[in-house]
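Everything on this sheet refers to the single structure shown next.
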Amino acid sequence: MKSIYILGSGNAFCMSGRGQTCFLLESSDNSKMLIDFGATSLLQITRQNVSMSNVDRLLVTHFHGDHIGGIPFLLLHLHFIEHRTEKFEILGPVGVGNVVHQLNNLLYPGIEFGFEIQFTEIKPIDDSKPTVTGPFSIEAVPVSHRPESLGYRISNHGRSFAFSGDTRWCDSLVQLYHQVDIGILELSFLEQPKDGSSHISLTELVKNRSLLNVDRLYFNHIYDELAQQVSDLPKSQKVGEPLSDGQIIQF
Numbered sequence: 003m004k005s006i007y008i009l010g011s012g013n014a015f016c017m018s019g020r021g022q023t024c025f026l027l028e029s030s031d032n033s034k035m036l037i038d039f040g041a042t043s044l045l046q047i048t049r050q051n052v053s054m055s056n057v058d059r060l061l062v063t064h065f066h067g068d069h070i071g072g073i074p075f076l077l078l079h080l081h082f083i084e085h086r087t088e089k090f091e092i093l094g095p096v097g098v099g100n101v102v103h104q105l106n107n108l109l110y111p112g113i114e115f116g117f118e119i120q121f122t123e124i125k126p127i128d129d130s131k132p133t134v135t136g137p138f139s140i141e142a143v144p145v146s147h148r149p150e151s152l153g154y155r156i157s158n159h160g161r162s163f164a165f166s167g168d169t170r171w172c173d174s175l176v177q178l179y180h181q182v183d184i185g186i187l188e189l190s191f192l193e194q195p196k197d198g199s200s201h202i203s204l205t206e207l208v209k210n211r212s213l214l215n216v217d218r219l220y221f222n223h224i225y226d227e228l229a230q231q232v233s234d235l236p237k238s239q240k241v242g243e244p245l246s247d248g249q250i251i252q253f
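Just so you know, we're using my numbering here: the sequence shown kicks off at 3 and counts up by one.
Here's what the structure looks like:
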């Protein structure tokens with residue numbers, strides 16, 4: 003693996019002007035894979051002047067709109083702007099093909115694209131072997147957000163990366179981040195709301211950070227005030243670094 007482009011580090015509300023979740027993972031041989039594609043993601047690609055060359059696949063963590071709402075516009079862009087003719091692969095939890103077809107039919111009924119879309123369903127690693135797509139090997143771990151929600155460990159040429167997607171704190175995160183080179187974890191609140199949430203708070207993270215065996219840990223699904231709270235933690239409680247849109251992380 004070579005680098006991770008942070009196209010969107012924010013939540014569904016685009017708080018602090020941040021884009022919805024979207025990353026671009028670049029392998030050591032310059033192959034690229036998108037991870038999640040929220041409603042703002044195509045705009046972020048344009049604003050950040052990110053090349054779509056060698057982008058042959060998209061990996062989806064779950065089916066909430068701030069993670070998949072931009073997919074029809076991505077496909078339109080590939081068809082009309084990039085004039086794509088090569089196959090494009092969309093990977094994700096069971097049902098990903100049906101969900102994308104429903105989105106396309108709702109927003110652009112009858113739309114046809116000049117390239118094949120291949121859908122690949124990914125099951126948790128306990129149920130299947132790693133999924134290999136291009137130069138990437140993907141292991142899925144169930145997380146606690148929606149029934150289909152998956153976190154992913156992605157490997158390429160001896161380097162590894164893990165992303166939680168959206169989740170509350172759960173035991174499977176320990177497995178997900180075990181000895182990876184770089185991790186991105188969602189972080190949504192300073193304190194858990196009294197009525198509970200399917201997201202992670204900074205208080206929980208400080209309490210449980212030692213369980214995650216990863217040195218380079220970054221946070222998405224975040225907003226500026228919470229990011230500042232992370233940065234202001236005393237050295238003895240440092241948990242990682244908040245992400246920002248436009249950031250590029252090198253392996």
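Ideal Cβ placement from N, Cα and C applies to all residues, glycine included.
Self-check item: Backbone secondary structure at A229 - three-state DSSP
Solution: helix
Exercise. Give the secondary structure of K34 by DSSP, where H, G and I count as helix, E and B as strand, and everything else as coil.
Key: K34: strand per DSSP, three-state reduction.
Practice problem: Please state whether DSSP places L93 in a helix, a strand or coil. | Solution: Taken through DSSP and simplified to helix, strand or coil, L93 comes out as strand.
Practice problem: Between the Cα of P137 and those of L235, L175 and I156, spot the shortest distance and give me the residue it belongs to. | Solution: Sorting L235, L175 and I156 by C-alpha distance to the C-alpha of P137 places I156 at the top.
Quiz prompt | Residue span of the beta strand (DSSP E) that contains F163, given as start and end | solution = Under the DSSP assignment, F163 falls in the beta strand (DSSP E) whose first and last residues are R161 to F165.
Quiz item: Measuring CA to CA, which of F75, F117, G94 and R211 is closest to L108?
Solution: Out of F75, F117, G94 and R211, F75 has the C-alpha closest to the C-alpha of L108.
Quiz item: Start and end of the beta strand (DSSP E) containing Q181?
Solution: Q181 -> no beta strand (DSSP E), and no H or E assigned at all.
Practice problem: Sort out for me which residues DSSP pairs S157 with in a bridge. | Solution: S139 and S162
Quiz item: Under the rule that 16 or more other beta-carbon atoms within 10 Å means buried, what is D247, buried or exposed?
Solution: Around the beta carbon of D247, a 10 Å sphere encloses 16 or more other beta carbons of the protein chains shown; the residue is thus reported as buried.
Quiz prompt | Host alpha helix (DSSP H) of L108 (start-end) | solution = V98 to L109
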